[in-house]
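Add 93 to a position in the sequence shown, counting from 1, and you land on the number used in this note's numbering. Where is the CB? At the ideal position from N, CA and C, for every residue including glycine. The structure appears right after this line, and notes come after that.
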Amino acid sequence: MLKFFKMIIFFILIILITIFCFLFVGKAKPAENINWGVIFSQKHSEEMGLDWKENYLAILDDLGVEHLKLIAYWDMVEPNNGEFDFSDLDFQIQEAEKRNAKVMLVMGRKVPRWPECHIPEWAMDLESHQLDKAVLDYLEAVVLRYRDSSAITMWQVENEPFFLFGYNCPLIPEETLKMEIDLVKSLDNKQRPIVVSESGEFPTWFKAAKYADIVGHTLYRVVWSSELKFYFKPPIPAVFYHRKAWLIDKVFNKKVICVELQAEPWSQVLLYDSTLEEQRKTMDLDKFKNVIEYAKNTGEDTFYLWGVEWWYWMKIKHNSGEIWQEAKKLW
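Below, the structure is given as structure tokens:
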């Protein structure tokens, strides 16, 4: 019996070592052509005290960004039940169209930026089945509004729906996500691909691959751990993301892209409440350069950078445009 258990332990160790070597050992060949994009949040730009339209146009015209991830915030698009206001999002889409920029439009109850779930006040106390119906009505309005836009190339339905993060922002059941994706597909006359995103480090991305046409993931190099009370740099080599993407390709035949690459600080408090000294602990020019180099070494060919509002804020409010200028080299 003891010999049997020793054999079991031996085989488990062999399996673990094999998995470790597969995920962590070696290097990926950088992609020959990389599409660099940015995520723009009107809400976040305003919270940083910026003129969001000025910020957005600077991204298009000064940085020269050609790939954008824009956000259809439910609470902004439908502030009152059944009353839609697309004026701000229309501006963003139309300005992208004028410059032949390509847009991934994110929509759902859970979309980028704190508190993650952006549900309008009128929908807060709805029963779950009523909330699901309200979300579908909003998704329908968004897709019908923009399905003929030449700028839209992808839809992202929800943001990290399987990752528990945010304030009063529960996980989205798989059957609910499928219902939302099926609706978007049925309404889109151009049949654009659907992106479903997952956290970069911990899951296998299999859930996202089950429902998505394209699997998106996040990538953060330095974060604040509220549980451990210190800044933490995940000891993960770039090849880790390459191997996970390879697995998704082989098992599901799905493309993997990075939909959220850290290029701004992750502080103990919200960014606009953080001191410059605290911000520099997790992002400055050297760290920005390192992130870009790390991203290249994953072997992936598409990245959307997280933090363009902060670059502009540093440039306009603090006369520190070094990251803004460095980012220009990507376009």
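*asked:* Only counting the same chain, and skipping five residues up and downstream in sequence, which positions put a Cβ closer than 7 Å to that of Trp167?
replied: Arg202, His211, Ile212, Pro213, Tyr231
_I believe Lys374 touches Tyr324 by the beta-carbon criterion, under 8 Å. Please report the beta-carbon distance rounded to the nearest angstrom._
6 Å
*Could you give the uninterrupted runs of the alpha helix (DSSP H) lying entirely in the stretch 235-287, keeping only those of 4 residues or more?*
267-280
*Just reading off the beta strand (DSSP E) that Gln355 is part of, what are its end residues?*
348-355
*Range of the contiguous alpha helix (DSSP H) that encloses Ala338*: 332-345
_Among Ala194, Tyr313, Met247, whose alpha-carbon lies nearest the alpha-carbon of Val289?_
Met247
*Do you know offhand how far Asn128's Cα is from Leu312's?*
16 Å
*Where are the beta strand (DSSP E) runs, 3 residues long or more, that stay fully inside the stretch 170-224, in chain order?*
195-201
*Cα-Cα separation, Arg240 to Met272*: 19 Å
_If you reduce the DSSP assignment to three classes, tell me which class Phe133 lands in._
coil
*asked:* Using DSSP's beta-bridge definition, name the partner residues of Thr395.
replied: Asn128
_Using 8 Å as the threshold, is the C-beta distance between Val384 and Arg336 below it?_
no
*Around the Cβ of Phe103, are there at least 16 other Cβ atoms within 10 angstroms (buried) or fewer (exposed)?*
Residue placement at Phe103 is flagged as unreliable, the pLDDT there being 37, under the threshold of 50; a coordinate-derived value is accordingly withheld.
*asked:* So, with DSSP's three-state summary, where would you put Ser290?
replied: strand
*Output the distance between the C-alpha atoms of Asp155 and Ser180, rounded to the nearest integer angstrom.*
24 Å
*Does the beta-carbon distance from Val308 to Lys347 come in below 8 Å?*
yes
*Go to Ala302, then tell me how far its alpha helix (DSSP H) extends in each direction, as first and last residue.*
299-304
*If we count the other Cβ atoms within 10 Å of its Cβ and call it buried at 16 or more, is Val362 buried or exposed?*
exposed
*Kindly list the residues whose CB is nearer than 7 Å to the CB of Leu340, restricted to its own chain and excluding five residues on each side of it in sequence; keep chain order.*
none
*Any chance the stretch 214-230 sits against the stretch 178-198, with 3 or more Cβ pairs inside 8 Å?*
no
*Phe325 in three-state terms, based on DSSP*: strand
*Look at Ile186 and Ser242 and say whether their C-beta atoms are less than 8 Å apart.*
yes
_In DSSP terms, what Gly309 is bridged to_ = Ser290, Ile350
*Comparing the CB of Ser138 with every heavy atom of the ligand HEM, is any distance shorter than 7 Å?*
Among the ligands in the structure shown, none appear at all, so the ligand HEM cannot be discussed.
*asked:* For Ile132 and Glu353, what's the separation of their Cα atoms in angstroms?
replied: 8 Å
*If you count every other CB in all the chains shown that lies within 10 Å of the CB of Asn148, and 16 or more means buried, which is it?*
buried
_To the nearest angstrom, how far is the alpha carbon of Gly175 from that of Tyr365?_
33 Å
*Under 8 Å Cβ to Cβ from Cys114, same chain only, skipping five residues before and after it: list those, please.*
Interpretation of Cys114 is limited by its pLDDT of 48, a score under 50 that renders its predicted location unreliable; no figure is taken from the coordinates.
*Just mark His222 as buried or exposed, buried being the case when its beta carbon has 16 or more other beta carbons within 10 Å.*
exposed
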